[in-house]
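Worksheet: the structure to be examined is printed underneath.
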Amino acid sequence: MNPENARIPKNFIRENVQPIKTTMKMKNVIITSFILALVLSSCADKSQAPTAPPPPVLPVLAITSANTTTDSEYPASIQGTVDVEIRPQVSGNLDRIYVDEGAYVNKGQTLFKINERPYREQLNNALASLHAAEAALINANLEVDKLTPLVQNKVVSDYQLKTAKASQKIAAANIEQAKAMVGSAKINLGYTNVTAPVSGYIGRLPKKQGSLVSATDVEPLTTLSDVHEVFAYFSLGETDFINFKEQYAGSSLGDKIKKLPPVTLILADNNAYPQTGKIDMVDGQFDKTTGAITIRATFPNKGGVLRSGNTGRIRLGLNHDDAILVPQSATVEMQDKVFVFTVGKDNKVTKMPITVVGKSGTNYLIKEGVKTGDQIVLSGIDKLQDGQAIQPEKSTKVAQVTNQK
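Counting from 4, one number per residue, gives the positions in the sequence shown under our numbering.
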């Protein structure tokens, strides 16, 4: 035994070694508890970790082709069969206005009365000139009658008779001139009574009673529209016009026009005019500025619903064979482009741009982007992402083909 150790009292060893052992045991307990807590926490995290949601179940439609008719609409301007400006033919004060704005008038009905007194005096003056010319002719005839036997008896020279006959012709010509003056004065007097050249509706009346009017005025007295039938003018581009002509049989454009189906007029409130129209005119040439050609359709307007100046849209139906149709509800528009979601073999969707060339009912007519046999998502596409997986549900929905005539 070491002498130094031999000097340490036993009580000292008992009192100091025992606490050290106790402290080590406590440390072991704390470490064990910490490890156990980590293990339990790890197990708890694993048990609470969320599982990935299943792919959404969405209806899918297989693309097919069908014969259909697409409706194309073109802006149209409407005019009466006769739209005429009522203008004065003579100058003068507007004495009377016999009609009101918007009134219906018959052909020949008096519309305006211009002060006639100056023109009646012109007529009286012309009549007086005619009477004077007639008297001069009578005098010239008497002179010829007087000289004729004298010349035959060689009492007077032949020269005097020839002079008398020349004066006779001048007097006859003066009568014709005076008659023309009378006729002109009667015409001007008649122009003071302004009548309706056709039956129709009166437009605005910018001139009021007492106004001074003239044939050189820029603004007419009013306008008159015959709208028992109306013309709807619209334009087709060169490509549309070629497609339009190819739809119908006929050796000439006139033959094709006769076989054209009725067309529909869509009014400004987006409602269809109840009566269909007939295309009866195609302009002789394309407009060099717009590259379009003007076409006219005639619509009956017995009730006077349509007026000159109305606007609308002409709806034309074009036939398409083996057309690819896609429901509009299966498309989404972004930045002026139209997309559908196609479904691949792995049930992942692809955002595919499509080219729309027309509408048929609630369907788009597709030129490029999808083809027959492709599958597209019908609904629930608002939150779909490109490349996302779905669970396809075969749809029994069939694209509706609407033939509107």
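Just so you know, even glycine gets a beta-carbon here, dropped at the ideal spot from N, CA and C.
Query	Result
Who are residue 229's beta bridge partners in DSSP?	85
With a CB to CB cut of under 8 Å and the five nearest residues on each side skipped, what residues in its chain are close to residue 368?	71, 73, 323, 326, 327, 328, 359, 360, 361, 362
Quick one, are the C-beta atoms of residue 333 and residue 380 less than 8 Å apart?	yes
Give every residue of the same chain whose Cβ lies closer than 6 Å to the Cβ of residue 389, excluding the five residues on either side of it in the sequence, and list them in chain order.	354
Kindly identify the DSSP beta-bridge partner or partners of residue 424.	What the structure shows of the chain is the stretch from 4 to 408, and residue 424 is not part of that stretch, so it cannot be assessed.
What's the gap between the Cα of residue 391 and the Cα of residue 365?	27 Å
Compare the beta carbon distance of residue 105 and residue 230 with 8 Å and say whether it is the shorter of the two.	no
Measure how close the beta-carbons of residue 97 and residue 210 come, nearest whole angstrom, since I'm counting them as under 8 Å.	6 Å
Straight-line CA distance for residue 370 to residue 313?	35 Å
On the criterion of 16 or more Cβ atoms from any shown chain inside 10 Å, does residue 252 qualify as buried, or is it exposed?	exposed
Under 8 Å by Cβ, that's how I've got residue 276 and residue 237 pegged, so tell me the actual separation to the nearest angstrom.	In fact, because the Cβ distance is near 14 Å, the residues do not count as touching under 8 Å.
Using DSSP with H/G/I as helix, E/B as strand and the rest coil, what is residue 301?	strand
Quick check on the DSSP output: what are the complete beta strand (DSSP E) runs of length 3 or more inside the region 197-285, in order along the chain?	203-205, 225-240, 267-270, 281-285
Express the C-alpha separation of residue 180 and residue 120 in angstroms, rounding to a whole number.	23 Å
Using C-beta distances below 7 Å, list every residue in its chain close to residue 207, excluding the 5 sequence neighbours before and after it, in chain order.	104, 225
Return the Cβ separation of residue 268 and residue 235 in integer angstroms, given the expectation that the two are a contact with Cβ distance under 8 Å.	6 Å
When the Cβ atoms of the region 164-178 are set against those of the region 139-148, are three or more pairs found closer than 8 Å?	yes
To the nearest angstrom, report how far apart residue 123 and residue 190 are at their CA atoms.	10 Å
Write down the C-beta distance between residue 304 and residue 202 rounded to the nearest angstrom, noting that I regard them as a contact closer than 8 Å.	The pair is not a contact, with the Cβ atoms about 13 Å apart (cut-off 8 Å).
My output table needs one value for residue 320: the three-state DSSP class, helix, strand or coil.	strand
Between the beta-carbon of residue 114 and the beta-carbon of residue 197, is there less than 8 Å?	yes
For residue 265, which option in 272, 297, 321 has the closest C-alpha, if you only look at C-alpha atoms?	321
Considering residue 99, what are the terminal residues of the beta strand (DSSP E) in which it resides?	95-100
Can you tell me the Cα-Cα spacing of residue 240 and residue 295, whole angstroms?	4 Å
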